[in-house]
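Enquirer: I'd like to ask you about the structure that follows.
There are 2 protein chains.
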Amino acid sequence: MEYISGGVCAAKGFRAAGLHAGVKAESNSEKKDVAMILSDVECTAAAMYTTNRVKAAPIYVTMAHLEDDAAWGVIANSGNANACAPNSHEHAEAMCAAAAKATGRSPRDFIVASTGVIGQELNVQAVIDAAPALAQALSTEGSGDAAAAIMTTDTKKKEVAVQVELGGKVVTLGGIAKGSGMIHPNMGTMLCFLTSDCAISPDMLNTMLHEVVPRTFNRVTVDGDTSTNDTCAILCNGLAENELIEWKDNNYAAFKAALTEVLTYLSRAMAGDGEGASRLITCKVHGSRSEESAERLSKAIVGSSLVKAAMFGADANWGRVLCAMGYSKAPFRPEHVDVKFASCAGEILVCEHGSQVLFDENKAKEILSQEEVIIDVNVNEGAHYATCWGCDLTYDYVKINGDYRT
Amino acid sequence: MEYISGGVCAAKGFRAAGLHAGVKAESNSEKKDVAMILSDVECTAAAMYTTNRVKAAPIYVTMAHLEDDAAWGVIANSGNANACAPNSHEHAEAMCAAAAKATGRSPRDFIVASTGVIGQELNVQAVIDAAPALAQALSTEGSGDAAAAIMTTDTKKKEVAVQVELGGKVVTLGGIAKGSGMIHPNMGTMLCFLTSDCAISPDMLNTMLHEVVPRTFNRVTVDGDTSTNDTCAILCNGLAENELIEWKDNNYAAFKAALTEVLTYLSRAMAGDGEGASRLITCKVHGSRSEESAERLSKAIVGSSLVKAAMFGADANWGRVLCAMGYSKAPFRPEHVDVKFASCAGEILVCEHGSQVLFDENKAKEILSQEEVIIDVNVNEGAHYATCWGCDLTYDYVKINGDYRT
Chain D
-8 MEYISGGVCA
2 AKGFRAAGLH
12 AGVKAESNSE
22 KKDVAMILSD
32 VECTAAAMYT
42 TNRVKAAPIY
52 VTMAHLEDDA
62 AWGVIANSGN
72 ANACAPNSHE
82 HAEAMCAAAA
92 KATGRSPRDF
102 IVASTGVIGQ
112 ELNVQAVIDA
122 APALAQALST
132 EGSGDAAAAI
142 MTTDTKKKEV
152 AVQVELGGKV
162 VTLGGIAKGS
172 GMIHPNMGTM
182 LCFLTSDCAI
192 SPDMLNTMLH
202 EVVPRTFNRV
212 TVDGDTSTND
222 TCAILCNGLA
232 ENELIEWKDN
242 NYAAFKAALT
252 EVLTYLSRAM
262 AGDGEGASRL
272 ITCKVHGSRS
282 EESAERLSKA
292 IVGSSLVKAA
302 MFGADANWGR
312 VLCAMGYSKA
322 PFRPEHVDVK
332 FASCAGEILV
342 CEHGSQVLFD
352 ENKAKEILSQ
362 EEVIIDVNVN
372 EGAHYATCWG
382 CDLTYDYVKI
392 NGDYRT
Chain S
-8 MEYISGGVCA
2 AKGFRAAGLH
12 AGVKAESNSE
22 KKDVAMILSD
32 VECTAAAMYT
42 TNRVKAAPIY
52 VTMAHLEDDA
62 AWGVIANSGN
72 ANACAPNSHE
82 HAEAMCAAAA
92 KATGRSPRDF
102 IVASTGVIGQ
112 ELNVQAVIDA
122 APALAQALST
132 EGSGDAAAAI
142 MTTDTKKKEV
152 AVQVELGGKV
162 VTLGGIAKGS
172 GMIHPNMGTM
182 LCFLTSDCAI
192 SPDMLNTMLH
202 EVVPRTFNRV
212 TVDGDTSTND
222 TCAILCNGLA
232 ENELIEWKDN
242 NYAAFKAALT
252 EVLTYLSRAM
262 AGDGEGASRL
272 ITCKVHGSRS
282 EESAERLSKA
292 IVGSSLVKAA
302 MFGADANWGR
312 VLCAMGYSKA
322 PFRPEHVDVK
332 FASCAGEILV
342 CEHGSQVLFD
352 ENKAKEILSQ
362 EEVIIDVNVN
372 EGAHYATCWG
382 CDLTYDYVKI
392 NGDYRT
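Going down the list, the protein sequences come from chains D and S.
Just so you know, we're using my numbering here: the first sequence kicks off at -8 and counts up by one.
Just so you know, we're using my numbering here: the second sequence kicks off at -8 and counts up by one.
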C-alpha cells in the first residue's frame, strides 16, 4: 500500500471543486462553503449515517437517492446543517436538483450533505446560484478546494489517498473529511466522502463500509456529542478495471485494508483537530477479554472530561484513567491494570496492578507535553485490544463553543 | 416543612467537628481536611455508593461496618481519595479505629469516607494524630466546620436542615455534602452525610434512600465522570420519639418528602457549584411517555458539552438541545418538541414543533445571562416528566482540572 496525493481526485475519473457561495456569513467571504465531487461514470455507492434520532434532512434525501446503490457525485455545504429548520427537506432536494442541472445529470445521482449550525433556515438560493460555477470549476486538482469547502471549525484540511494492487491492477482510494467538534461514536459531526476506481459489488461495498467504520470513525470522540448530520459515503466507479469484488476473497481483504488505512488516517486527523485541541490522544487498551470490552474501556478513557483536562495540563493523573474505566461498564479487575503514558519523548509506567508506581514526574511531564500522546492500558486478562482516538480539553474548546452560533 | 439552621447538628443528639489535620498539602494549612460526626446514641443507618467498578477502600469498609444497619458516626477526610493507592484498605480501617479510640466507641460504629486525588497513598498518620482533637472539638455548632472539611474544589459549603411533624412529634433532618467535579449519575464525586432524630426501621430507611437518591443526586451531572468514592449515608437516632416508621404510611411519606427536599437542595447546590461553573442549569423535560424517557432526555441535555458551552456563552443554541435529545436513546418525535429558556429575567420560546421560532436574541441573551437558567422541553407525547441539574462548561473547569493533581 502506498500513500499518494490527490485526495478525492486521486482515483481515475473523479473531479472535484469547492467555492464560496455565501452560505457562511458575509464576513467569511474568503471561506469556501460549497463542494462538489463528480465521477465520469456511474458509481456503486454506499453510506453510513449518524445514529442520532434527530437526523438532518440531507440524510433522508441521501438515503432515498442511494436506494439503487448508485450515484455519480456529491453536493455539500458548510455553514448551515439544514437540520431542524424550515423547508429543510425541500432545500436538500433543491441542492441535488441544482447540482444535476449544472452537470447534466439527474437529482437522484447525487449524495447531499450539510454541516454547520442547527435550527436556522439554509440559504439554499446561494447554493443554487453557485452550482453552475461549481460544475465549471470541477477538476482533477479540486480535492483540496472541496476539502476546504466542508470545513467548519476545522483548522486543517483532511485529505488522503492510497493505492493498492488487486490482481495486477492498481486501485486507488481517496477521501476528504471534516470533523472537529460534536464528534463522538457513533459518527460525530463528520462528513467523509470517499472515491475509488475499484470495481466492487454494492453488497460487498456496503458490507466493507460497515466493517471498517466501527473500528475507525466510531472510535473517535471529541466531546461526546453525536451530531445530526454525520455522513460517510463511498463512491466506486470501477475504472481501475480490476476483477469485480463479489465475495470476501483476497481482493476484498486488500481493498478493505486500504479502506481501513484511509479511515484510520482521517480518524486521527479529526481527533487531533478536535475543537481547541492541543494534542491528539491515542488510547490503546490491550490484554482484554474481548474486543468489545477493550473498545468500551478505551472510549471511556478518551471520552472522560477529567482525563482530557489532565492531558491538556500534561498531568500524569492515571487515577482518572482507572476511574473512567470503572464507569465504562466493561468487565475488568482494577488490581490487574497497568497504565503507561508514551509519546515521541519516551514511555513511562505510572500504575502497576492497579496501584501507584513511583515515577519521575518531570519525565512524565515531558512525555505528556508532546503533540501526540499515547495512553497504554493493559488489563492483563486476555488477548483482545482496541484503539480509540480523542483530544485534550482546552480553554479554546470552551471559547469556540461558547459563541459558535452568534 | 420548615428550613432551619444547624445542618448535620440540627437533629437532636448529633455533634460534629472539622479540623486541618495535614492531609492536604502544607500550603493549604488553612484548609480543614478531617471531619467527624457523632450521635449520642446508636443510629439506624443506610448508605448508597458509587456504581463505579473501581471503588475506593473506604466504601468497602463502610459496607462492612453497615452490615448490622447501625452506626454511631462518621469519620471523613478530603485531600486524598484513598483509592487505587497502597494500603488503602488498612488506612480506611485505621481511620475508623482512631475515631473509635478518641470517642470510646468501636471501629465498626463508624462510617468512613475520603475524597481527593486518586492513586496516591493517604497520609493516614495525620488523620490518626488529629482524631483526639477532632473528638474534643465535637459540638452542636460543628456542622459548618465538618462541611468545610470535606470540600475539595467546592467553592461553597453545602449544608441544610428541615423539620417536619410526624404524629405530633417534630422530626429534624439535616445534611452536609461536597461535590464539585467528577459528578455524574449515578453519584458523581460526592459525599453526603445526613442525620436525623427520626425513629425508622432499617428496612424503611434503606428503601426510602433508594427511592429518593435516583430522583435527586442521580439527576445531577457536572462532567460525566462518575467517581470512585461517592457515598451518601444517613444516620437516624430516634431521639425525636416519633412512632417508629415501619411501613409506608403517612409518616413514611412525610419523612420521605423531607428527605427529597434536603437531597434536592443539596443536588442543586452541587450542580451550581460544579467545577468552574458560572450558572446552575436546570433542565425540565415534560410531556414524555415515561419518567425514564424524560430523565434520559433531561440528563443528555444537561450532560452535553456543547449545550454546557452554549450556556456559558449565554447562547440560545436550541439546536444542540435537540441534538443531545437525539442521542439520548429515549423515544420521542423531533417534530413534536417545544423548547423554552427561562430564568428570573423571563421566559422565551425558541423552538416549536422541532423547528425554528423567530425570537428576540437580546431577550434570550438576557434570560441566559442569569445565575440560574432553566431549559424547559415539552415533548408533547404524554404526562411524565423529570428534572435534572447541571452547570455550564467554562474556562475555569479546564483550568481546575488541567492541574488538579500537581
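For every residue, glycine included, the Cβ atom is placed at its ideal position computed from N, Cα and C.
Kindly indicate the opening and closing residues of the alpha helix (DSSP H) around S:Gln154.
Expert: Numbered from 1 along the second sequence, position 163 holds the residue referred to as residue 154 of chain S. No alpha helix (DSSP H) holds S:Gln154; the beta strand (DSSP E) holding it covers Lys149 to Leu157.
Enquirer: Quick one: Cα of D:Glu21 to Cα of D:Ala7, how far?
Expert: Position 30 of the first sequence, counted from the first residue, corresponds to residue 21 of chain D. Position 16 of the first sequence, counted from the first residue, corresponds to residue 7 of chain D. When rounded, the distance between both Cα atoms is 19 Å.
Enquirer: Judging by CA-CA distance, which residue of D:Gly9, D:Cys34, D:Lys23 and D:Ser105 is the nearest neighbour of D:Tyr51?
Expert: The residue you call residue 51 of chain D lines up with position 60 of the first sequence. Closest by alpha carbon: D:Ser105.
Enquirer: Taking the straight line between their C-alpha atoms, what separation do you get for D:Lys356 and D:Glu362?
Expert: Looking up residue 356 of chain D in the first sequence gives position 365. Looking up residue 362 of chain D in the first sequence gives position 371. Cα-Cα distance, rounded: 13 Å.
Enquirer: Does DSSP classify D:Gln116 as helix, strand or coil?
Expert: The sequence position of residue 116 of chain D within the first sequence is 125, counting from 1. DSSP places D:Gln116 in helix when its eight states are reduced to three.
Enquirer: Using a Cβ-Cβ cut-off of less than 8 Å, give me the residues of the stretch 111 to 143 of chain D that come near chain S, in sequence order.
Expert: Gln111 and Glu112
Enquirer: Thinking S:Asp389 and D:Val389 are a contact (beta carbons under 8 Å), I'd like their distance in whole angstroms, please.
Expert: Here residue 389 of chain S corresponds to residue number 398 of the second sequence, with the count starting at 1. Here residue 389 of chain D corresponds to residue number 398 of the first sequence, with the count starting at 1. Sequence inspection shows Val at residue 389 of chain S; the Asp mentioned does not correspond to that position. In this structure S:Val389 touches D:Val389 by the C-beta definition: roughly 6 Å separates them, less than 8 Å.
Enquirer: What did DSSP end up calling D:Arg287 once you bin it into helix, strand or coil?
Expert: Indexing the first sequence from 1 puts residue 287 of chain D at position 296. Reduced to three states, the DSSP call for D:Arg287 is helix.
Enquirer: Flag this pair as yes or no: are the beta carbons of D:Trp63 and D:Glu33 separated by less than 7 Å?
Expert: For this step, residue 63 of chain D is matched to residue 72 along the first sequence. For this step, residue 33 of chain D is matched to residue 42 along the first sequence. Cβ distance < 7 Å, so D:Trp63 and D:Glu33 count as in contact.
Enquirer: Return the CA-CA distance between D:Ile292 and S:Glu(-7), expressed in angstroms with no decimal places.
Expert: Walking along the first sequence from the start, residue 292 of chain D turns up at place 301. Walking along the second sequence from the start, residue -7 of chain S turns up at place 2. Their Cα atoms are separated by approximately 44 Å.
Enquirer: With a threshold of 7 Å between beta carbons, is D:Tyr40 in contact with chain S?
Expert: Against the first sequence, residue 40 of chain D aligns to sequence position 49. It does not; no Cβ of chain S falls within 7 Å.
Enquirer: So the candidates are S:Gly337, S:Asp221 and S:Asp240; which of them puts its Cα closest to the Cα of S:Val45?
Expert: For this step, residue 45 of chain S is matched to residue 54 along the second sequence. Closest by alpha carbon: S:Asp221.
Enquirer: Tell me which residue opens and which closes the beta strand (DSSP E) that D:Glu343 is part of.
Expert: By 1-based counting over the first sequence, the position of residue 343 of chain D is 352. That run of the beta strand (DSSP E) goes Gly337 to Glu343.
Enquirer: Which same chain residues, not among the five before or five after S:Pro322, have their C-beta less than 8 Å away from its C-beta?
Expert: Along the second sequence, one-based indexing puts residue 322 of chain S at 331. Closer than 8 Å at Cβ, skipping near neighbours: Arg280 and Ser284.
Enquirer: List the residues of chain S that D:Thr385 touches, going by C-beta distances under 9 Å, in chain order.
Expert: Sequence index remark: in the first sequence, residue 385 of chain D carries index 394 (1-based). Within chain S, the residues near D:Thr385 are Val389 and Gly393.
Enquirer: Among the residues of its own chain, which have a CB less than 7 Å from the CB of D:Asp24, if the five just before and after it don't count?
Expert: Locating residue 24 of chain D in the first sequence gives position 33, counting from the first residue. Apart from sequence neighbours up to five positions away, the residues of its chain that approach D:Asp24 with a beta-carbon distance below 7 Å are His11, Ala12, Val14, Lys15, Asn68, Ser69, Gly70 and Ala140, ordered along the chain.
Enquirer: I'd like the list of long-range same chain contacts for S:Asn177, defined as Cβ closer than 6 Å, with 5 residues on each side in sequence excluded.
Expert: Locating residue 177 of chain S in the second sequence gives position 186, counting from the first residue. Note on S:Asn177: pLDDT 41, under 50, position unreliable in the model; the coordinate value appears next. The residues are Thr42 and Asn209.
Enquirer: Which term fits S:Pro325, buried or exposed, when burial requires 16 or more other beta carbons within 10 angstroms of its beta carbon?
Expert: As a first step, residue 325 of chain S must be located in the second sequence, where it is residue number 334. S:Pro325 comes out buried.
Enquirer: Starting from the C-beta of D:Ala117, find all residues in its chain whose C-beta is less than 6 Å away, skip the five residues before and the five after it, and write them out in chain order.
Expert: As a working note, residue 117 of chain D is residue 126 in the first sequence. The answer, listed in chain order, is Ala12, Gly13 and Val14.
Enquirer: For a quick check, are the C-beta atoms of S:Cys227 and S:Thr131 less than 7 Å apart?
Expert: In the second sequence, the residue the question calls residue 227 of chain S occupies position 236. In the second sequence, the residue the question calls residue 131 of chain S occupies position 140. Contact: no.
Enquirer: Indicate whether D:Asp145 and D:Asp264 have their beta-carbon atoms separated by less than 7 Å.
Expert: As a working mapping, residue 145 of chain D is identified with position 154 in the first sequence. As a working mapping, residue 264 of chain D is identified with position 273 in the first sequence. Yes, the pair counts as a contact, with Cβ atoms nearer than the cut-off.
Enquirer: Below 7 Å between beta carbons: does that hold for S:Ala122 and S:Ala72?
Expert: Against the second sequence, residue 122 of chain S aligns to sequence position 131. Against the second sequence, residue 72 of chain S aligns to sequence position 81. No. Outside cutoff.
Enquirer: Anything in chain D within Cβ reach of S:Phe350, meaning under 9 Å, just list it in chain order.
Expert: Residue 350 of chain S sits at position 359 when you count from the first residue of the second sequence. None at all; the shortest Cβ gap to chain D is about 11 Å.
Enquirer: Could you tell me the distance, in whole angstroms, from the CA atom of S:Ala260 to the CA atom of S:Val253?
Expert: For the purposes of this step, residue 260 of chain S is taken as residue 269 along the second sequence, with counting starting at 1. For the purposes of this step, residue 253 of chain S is taken as residue 262 along the second sequence, with counting starting at 1. C-alpha separation (whole angstroms): 11 Å.
Enquirer: Use the C-beta contact count for S:Leu47: other C-beta atoms within 10 angstroms, 16 or more gives buried, fewer gives exposed.
Expert: As a working note, residue 47 of chain S is residue 56 in the second sequence. Leu is not the amino acid found at residue 47 of chain S; the sequence shown has Ala there. Classification of S:Ala47: buried, given that the 10 Å Cβ count is 16 or more.
Enquirer: For a minimum of 4 consecutive residues, which ranges assigned as the alpha helix (DSSP H) are wholly contained in the stretch 46 to 89 of chain D?
Expert: 48 to 56
Enquirer: The alpha helix (DSSP H) spanning S:Cys314 covers which residue range?
Expert: Numbered from 1 along the second sequence, position 323 holds the residue referred to as residue 314 of chain S. Trp309 to Gly317 is the span of the alpha helix (DSSP H), which, as asked, contains S:Cys314.
Enquirer: State whether the stretch 381 to 388 of chain S contacts the stretch 294 to 309 of chain S, with contact taken as three or more CB pairs (one from each stretch) at a distance under 8 Å.
Expert: yes
Enquirer: Using only alpha-carbon positions, find the residue among S:Leu257, S:Gln111 and S:Asp60 that is nearest to S:Ile102.
Expert: Counted from its first residue, the second sequence places residue 102 of chain S at position 111. Of S:Leu257, S:Gln111 and S:Asp60, the residue nearest in Cα terms is S:Asp60.
Enquirer: Can you give me the start and stop residues for the alpha helix (DSSP H) that D:Arg259 sits inside?
Expert: Here the question's residue 259 of chain D lines up with position 268 in the first sequence. Looking at the DSSP string, the run of the alpha helix (DSSP H) that includes D:Arg259 is Asn241 to Gly263.
Enquirer: Let me check understanding here. Comparing Cα to Cα, which of D:Glu156, D:Met142, D:Ser360 and D:Gly304 lies closest to D:Ala245?
Expert: For this step, residue 245 of chain D is matched to residue 254 along the first sequence. Residue D:Glu156 is the option with its Cα nearest to D:Ala245.
Enquirer: Look at the alpha carbon of D:Ile391 and the alpha carbon of S:Gly95, and state the distance between them as a whole number of angstroms.
Expert: As a position in the first sequence, residue 391 of chain D is number 400, starting the count at 1. As a position in the second sequence, residue 95 of chain S is number 104, starting the count at 1. Each residue's alpha carbon lies about 58 Å from the other.
Enquirer: What does the alpha-carbon distance come out to for the pair D:Gly159 and D:Glu232?
Expert: For the purposes of this step, residue 159 of chain D is taken as residue 168 along the first sequence, with counting starting at 1. For the purposes of this step, residue 232 of chain D is taken as residue 241 along the first sequence, with counting starting at 1. Their backbone Cα atoms lie some 10 Å apart in a straight line.
Enquirer: Need the endpoints of the alpha helix (DSSP H) that D:Gly373 sits in, please.
Expert: The residue you call residue 373 of chain D lines up with position 382 of the first sequence. Taken as a continuous stretch (DSSP letters only), D:Gly373 belongs to no alpha helix (DSSP H), as it is neither H nor E.
Enquirer: Measuring alpha carbon to alpha carbon, tell me which of D:Asp306, D:Gly170 and D:Glu112 ends up nearest D:Lys354.
Expert: Against the first sequence, residue 354 of chain D aligns to sequence position 363. Comparing Cα positions, the closest option is D:Asp306.
Enquirer: Would you call D:Pro77 buried or exposed, if buried means 16 or more other Cβ atoms sit within 10 Å of its Cβ?
Expert: The count along the first sequence starts at 1 and reaches residue 77 of chain D at position 86. Of the other Cβ atoms in all chains shown, fewer than 16 fall within 10 Å of the Cβ of D:Pro77; this residue is therefore exposed.
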